[in-house]
Amino acid sequence: MCQSLRFPAAQQLPLCSYSINQYNNSLEKSRMSTTLITGASSGIGAELARLFAAGGDDLVLVARGEEKLRELASTLEAKHGVRATVMAADLSKHEACERLVQRLRGENLLVDHLVNNAGFGALGDFAELPVDRQVDMLQVNVVALTMLSRLLLPEMILRGRGGILNVGSIAAYQAGPHMAVYYATKAYVLSFTEALREELINTPLHITLLAPGPTSTGFGEDSGMGDLAMFASGAMPVAEVAKAGYDGYRKNQDVVIPGWKNRLMVTSTSFLPRIATRKLVGRLQNPSGRETT
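Be aware that the sequence shown starts at 3, since it is given in our numbering, and climbs by one per residue.
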């Protein structure tokens with residue numbers, strides 16, 4: 003289960019070799035863009051697929067549920083006249099990313115925009131949640147996101163077009179008692195995306211983090227948070243969240259936090275002691291009703 007992070011030797015391309023003039027020819031300019039979206043079968047991922055298709059991008063749709071992906075692909079192809087390729091994959095499996103990229107190579111698909119949207123959480127105390135579920139969470143939320151970025155980014159740099167939209171969470175801005183691993187994975191996504199953006203600041207690539215708060219998707223129910231007040235009454239519409247992320251990415255914004263309440267919450271973490279935010283989150287997410295001090 004716990005394997006080391008490996009990248010194929012063939013993908014070790016030097017970032018210092020970037021030259022926009024080398025690849026910025028008329029053929030490359032005229033080629034339609036292709037966007038790969040993970041976790042595309044529902045929720046934010048499916049909404050982002052609709053937005054990129056409406057913008058004229060061909061799609062590579064990735065998720066575990068092949069049937070849902072094919073339904074979405076068929077709808078988007080008919081409505082927008084784009085090509086939507088379905089690649090079912092379970093990103094909790096360590097070999098999934100390499101196999102996915104091999105399939106892209108086999109079908110001569112060049113990915114211009116990578117949307118790392120796949121992810122999941124689980125409500126419960128760290129010492130009580132199943133080990134396998136928490137390791138799978140690290141694999142999907144962190145390792146798969148990192149591997150796909152590393153495998154696809156060098157070609158984006160060489161072509162001088164495209165970028166990466168990472169879907170994180172406002173959970174990144176504080177510790178999360180009773181969801182310790184999930185919050186930690188989103189802190190990684192925030193830090194990784196900001197660092198990547200700085201490394202690529204002198205390239206045309208767009209690097210954006212979408213950090214939503216509670217959203218009307220299946221995440222609340224799947225993670226066990228559906229009955230918590232933040233989801234029961236405060237969730238934002240998924241289409242609104244996806245549109246904010248899509249627009250922000252097209253504008254090459256650094257971080258997109260949809261909703262003024264979510265932005266206020268994130269801003270407040272800059273002024274409150276971390277112990278205070280930690281205790282507040284712990285009370286809000288206490289799944290067992292045990293008293294916290």
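For glycine and all other residues, C-beta sits at the position ideal for the given N, C-alpha and C.
For this session: Compare the beta carbon distance of Met139 and Phe122 with 9 Å and say whether it is the shorter of the two.
Result: For the purposes of this step, residue 139 is taken as the residue at position 137 of the sequence shown. For the purposes of this step, residue 122 is taken as the residue at position 120 of the sequence shown. Yes, the Cβ-Cβ distance between Met139 and Phe122 is below 9 Å.
Exercise. Roughly how many whole angstroms lie between the Cα atoms of Lys253 and Gly247?
Worked result: The sequence position of residue 253 within the sequence shown is 251, counting from 1. The sequence position of residue 247 within the sequence shown is 245, counting from 1. Straight-line Cα distance between these residues: approximately 10 Å.
Exercise. What residue range is occupied by the uninterrupted beta strand (DSSP E) comprising Ile46?
Worked result: Sequence index remark: in the sequence shown, residue 46 carries index 44 (1-based). Note, Ile46: premise wrong, no beta strand (DSSP E); alpha helix (DSSP H) at Gly45 to Ala56.
For this session: May I ask which residues mark the beginning and end of the beta strand (DSSP E) holding Gly165?
Result: Locating residue 165 in the sequence shown gives position 163, counting from the first residue. Looking at the DSSP string, the run of the beta strand (DSSP E) that includes Gly165 is Gly165 to Val169.
Problem set entry | Cα-Cα separation, Asn27 to Asp59 | The residue labelled residue 27 in the question sits at position 25 within the sequence shown. The residue labelled residue 59 in the question sits at position 57 within the sequence shown. In this prediction, Asn27 scores a pLDDT of 47, lower than 50, which makes its location untrustworthy; the coordinate-derived value is nonetheless stated afterwards. Each residue's Cα considered, the two are about 19 Å apart.
For this session: Drop a sphere of 10 angstroms on the beta-carbon of Leu125, count the other beta-carbons inside from all chains shown, and report buried for 16 or more, exposed for fewer.
Result: As a working mapping, residue 125 is identified with position 123 in the sequence shown. That one is buried.
Problem set entry | Cβ neighbour criterion (16 or more within 10 Å) applied to Lys95 | Taking the sequence shown and counting its residues from 1, the one referred to as residue 95 is at position 93. Counting Cβ neighbours within 10 Å, Lys95 comes out exposed, since fewer than 16 surround it.
Exercise. Between the segment 192-202 and the segment 237-244, do at least 3 Cβ pairs fall closer than 8 Å?
Worked result: no
Exercise. Quick one, are the C-beta atoms of Arg107 and Ala91 less than 9 Å apart?
Worked result: What you label residue 107 is simply residue 105 of the sequence shown in a count that begins at 1. What you label residue 91 is simply residue 89 of the sequence shown in a count that begins at 1. No. Outside cutoff.
Exercise. Should Leu274 be labelled buried (16 or more other beta-carbon atoms within 10 Å of its own) or exposed?
Worked result: The residue you call residue 274 lines up with position 272 of the sequence shown. Its Cβ having fewer than 16 others within 10 Å, Leu274 is exposed.
Exercise. Comparing alpha-carbon positions, which option in Gly261, Gly162, Leu147 and Val169 lies nearest Ala98?
Worked result: Position 96 of the sequence shown, counted from the first residue, corresponds to residue 98. For the residues Gly261, Gly162, Leu147 and Val169, the minimum Cα distance to Ala98 belongs to Leu147.
For this session: Measure the C-alpha to C-alpha separation of Leu74 and Val117 and round it to an integer number of angstroms.
Result: As a position in the sequence shown, residue 74 is number 72, starting the count at 1. As a position in the sequence shown, residue 117 is number 115, starting the count at 1. Straight-line Cα distance between these residues: approximately 16 Å.
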